[in-house]
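Listed in order, the protein sequences are those of chains A and B. For the first sequence, counting from 1, position 179 maps to 179 in UniProt numbering; every step adds exactly one. For the second sequence, counting from 1, position 109 maps to 109 in UniProt numbering; every step adds exactly one. Ideal placement from N, C-alpha and C gives every residue a C-beta, glycine not left out. No experiment lies behind these values; they were computed from the predicted model shown. Only one structure is covered here, and it is reproduced in the block below.
2 protein chains.
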Amino acid sequence: MSNQKNDIESVPIIEGSAIDDISIDCVIFGFSNGILEVLLVQHGEGDSKGEWGLPGGWIKKDESIDNAANRLLEELTGLDNVFLEQLKVFGDPNRVSFRRVLTIGYYALIKREDDKLKASLVLTDAKWFKIKNIPNLIFDHNEIINYSLKHLRNRVRQAPIGFNLLPEKFTLLQLMKLYEEILDVEMDKSNFRRKILHMKLLKPLDERQQDVSHRAAKLYQFDQEIYDLLTQKGFNFEF
Amino acid sequence: MSNQKNDIESVPIIEGSAIDDISIDCVIFGFSNGILEVLLVQHGEGDSKGEWGLPGGWIKKDESIDNAANRLLEELTGLDNVFLEQLKVFGDPNRVSFRRVLTIGYYALIKREDDKLKASLVLTDAKWFKIKNIPNLIFDHNEIINYSLKHLRNRVRQAPIGFNLLPEKFTLLQLMKLYEEILDVEMDKSNFRRKILHMKLLKPLDERQQDVSHRAAKLYQFDQEIYDLLTQKGFNFEF
DNA sequence: CAATCTTATGGTTAAATTGACCACAAGTAT
DNA sequence: ATACTTGTGGTCAATTTAACCATAAGATTG
C-alpha cells in the first residue's frame, strides 16, 4: 500500500486508461398530441443494420463534450439553442459487443412544431417513438432511455424545464397535460392552475388560442428572467 | 447532409474518438463535528507536485466504471459497501493542460468514525478539508467539488441518503445538524422532529446517547427495508 | 443539595397549502 | 335554442408548515 500514491493520485503519462473510445448518445424528447415521444434513428452499419437506436456520435478534438452534444443535435434536427443536459456515462465493459466503448448520455427537450426541425427530419430516416412503446434498441440504448425518463421525471418537478417541450406560447391545460404525461399521474385542472399561477413565473399574454372548437384559453409564456429573479429571492420551483 | 448517417449513427471502426484518456475522480464527503468535509490527496508527480486534488485513478479493462470507482475508493479508504454515485463527466478540452483527459466524477458519503477508515488514512497523506475552506486544487477539481455539493444538496432533499454520513445509530439532533450543514439553513428542532418522525422511516432504538453532559437523547437507525416498503406504497421522501 | 445550564421532547396556534369538489362562463357544434 | 366542451374562478375541509412556548431530564457548579 505504500506505492498507493501512484495508483490513486497521478495522471499516468505512459499507461493511459484501458478505454478505447467514448461516444455521445442523446435522448431527444418531444411532446406531441399529449404524448411524450423520443426521436430514434436507424442504424446503418454492421450487425445491427436496420435496428433502431439513439442518435449519437463522436467528440472532436478541441471540442468540449457539451459542444459535441450540441453539434450532434443540430446536425440531426437543425436546431440550436436547445435545452440539453448531460445525464451520465454508461460504462459497462460489454455494452458494445465488439470492443469497449463508453458513451456519455445526454437528453434534450425540443419543441416539436419548430419548422427548422420539421425540415431537417424529412431528410433523415429518424422517427418519433412513443415513450411507452419503444422497440428493442441496439447496445444499451433501452437502458439509457429508461434512465433518462426517470431523470426527467425528477428534474421536471424540481426545475421549470417542461416548457421546453411546448410551443413558445401555451395554455395552462397544455402545460398540465404535459406534466400528467411525463409524471404519469392525473391532475386537477383547477388546482393545477392555482398552483402554477401562484408561483408567478408565467407571463400572461393578451392572446388566446386560435382554431379550437371550444372556448379559447388564454396563452402564457415562460419567462426565464422572471424565474431568475424569483430564484434570487429564494424561490424554489417544486411540483 | 446526405452522408449524415455515418456521422450520427454508426460506430466508427477506424477513426475512433479524439479522446486520449478517461479518469475517475471522487468527491468523498464526510461529516465531523457538525461540519461537512471533503477528503483530498496530495499530488505526487509533475508540475502539480505538492498541490491538493481529488483522489482518482483509472479504469481497468473489463471493469465497469462503477466498479472502478468502488475499487479506487476502497484502495484509499479501506471501505467497501459505501454510498457512491456517479455525478457526470467533466470534458473541457483544456481541463488538463498537457493532453486531453476526460474525467468521470463520482461522489461518496462515508461514516467518519469507521475504524477501517481511520486505519487506512494514517497510511496516506490524505487530509480532510472543510467544504467552506477548500484550497485551490489541480485541474478542474474545484469545479467538480462545487458541482458535487450542488448535486448533494438536491439529492439529500429527495432521497434518504444523509444517513450515510452519520454513525449507524444517531440522534434526531445530529440528523438535523447534518441537514443544516449540507443545506446551509437553520431549522427548528421541534418541527424537524415532527416531520422526520412522521415519515416513520427511522427505527427508534431502546438506547440512548452515552457520555454527554446533558440529558441523553434517544438513538434512531435508518432502516432501508422500511424505506423500500414505504416507497412501494407510494411514499416519497422529501425535505 | 439547590440553583443553573443544556439539550430533549412534546405541545399550541395561526397561516399556508392541498385535494376534492362545485358552478358558472364562453365559446362551438347541431 | 340546446347541448357539449373546455376555461376559469371559487368553496371548504383536511393537511402541512412555521413560529413559538413549556416542561422534562439530566449534568455541572458552588
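Interface flag, residue i vs chain A, CB-CB below 8 Å
i       : result
S97(B)  : no
D62(B)  : yes
I22(B)  : yes
N191(B) : no
I110(B) : no
G234(B) : no
Closer than 8 Å to chain B by CB, residue i
i       : result
G91(A)  : yes
E9(A)   : Annotation note: pLDDT 41 at E9(A) (below 50); position unreliable, coordinate value reported separately. Output row for E9(A): interface = yes.
Q158(A) : yes
K88(A)  : yes
L102(A) : yes
N154(A) : yes
F29(A)  : no
I144(A) : no
I65(A)  : yes
Sequence-distant residues of its chain with Cβ nearer than 6 Å to residue i (five each side left out)
i              : result
I8(B)          : With a pLDDT of 41 at I8(B), under the threshold of 50, the modelled position of this residue cannot be trusted; read the value that follows with caution. If we look at I8(B) and ignore the five residues flanking it on each side, it has no Cβ neighbours.
G53(B)         : H43, L137, I138 and H141
residue 241(A) : Nothing can be reported for residue 241(A): it is not among the residues displayed for chain A, which extend from 1 to 239.
D80(A)         : E74
M176(B)        : M187 and F192
Pair within 8 Å by beta-carbon distance, residue i and residue j
i       : j       : result
V82(A)  : L73(A)  : yes
I226(B) : L197(B) : no
K130(B) : P167(B) : no
A69(A)  : I22(A)  : no
H87(A)  : Y147(A) : The residue you asked about is not His; residue 87(A) is Leu in the sequence shown. Yes. Within cutoff.
L165(A) : L178(A) : yes
R153(A) : L183(A) : yes
I144(A) : I134(A) : no
S64(B)  : G91(A)  : yes
Same chain only: Cβ atoms within 7 Å of residue i, ignoring 5 sequence neighbours per side
i       : result
G78(A)  : K116, L117, A119 and S120
I35(B)  : K130 and E181
P160(B) : L201, F222, Y227 and F237
P231(A) : A small correction: the amino acid at residue 231(A) is Thr; Pro does not occupy that position in the sequence shown. Here the set comprises nothing.
D114(B) : L79
Own chain, CB closer than 8 Å to residue i, minus 5 neighbours either side, in chain order
i       : result
A217(A) : T171, L172, L173, R208 and Q209
L205(A) : K169, K218, L219, Y220 and Q221
E238(B) : R157 and Q158
E51(B)  : Q42, H43, N136, L137 and I138
H151(A) : L87 and Y107
First through last residue of the alpha helix (DSSP H) which encompasses residue i
i       : result
T171(B) : No alpha helix (DSSP H) holds T171(B); DSSP gives it neither H nor E.
S213(A) : That residue, S213(A), is in no alpha helix (DSSP H); it is neither H nor E in DSSP.
L149(A) : H141 to Q158
L54(B)  : Element bounds for L54(B): n/a, residue is neither H nor E.
K195(B) : K189 to M199
L121(B) : D115 to L121
Where the beta strand (DSSP E) through residue i begins and ends
i              : result
D66(A)         : Not the beta strand (DSSP E): D66(A) falls in the alpha helix (DSSP H), residues I65 to T77.
R208(A)        : L202 to R208
I22(B)         : D21 to S32
K218(A)        : K218 to F222
K88(A)         : F83 to F90
residue 283(B) : Residue coverage of chain B in this structure runs from 1 to 239, which leaves residue 283(B) outside it and unanswerable.
E37(A)         : I35 to Q42
K61(A)         : It is not in any beta strand (DSSP E) - K61(A) carries neither H nor E in the DSSP assignment.
F129(A)        : K127 to K130
Next on the checklist: Any contact between the segment 188-197 of chain B and the segment 191-210 of chain A? By contact I mean 3 or more CB pairs, one from each, below 8 Å.
Outcome noted: no
Checklist entry - Counting pairs of beta carbons, one from the segment 22-35 of chain B and one from the segment 103-116 of chain B, are three or more of them closer than 8 Å? => result yes
Next on the checklist: Between the segment 34-41 of chain A and the segment 121-130 of chain A, can you find at least three pairs of beta-carbon atoms closer than 8 Å?
Outcome noted: yes
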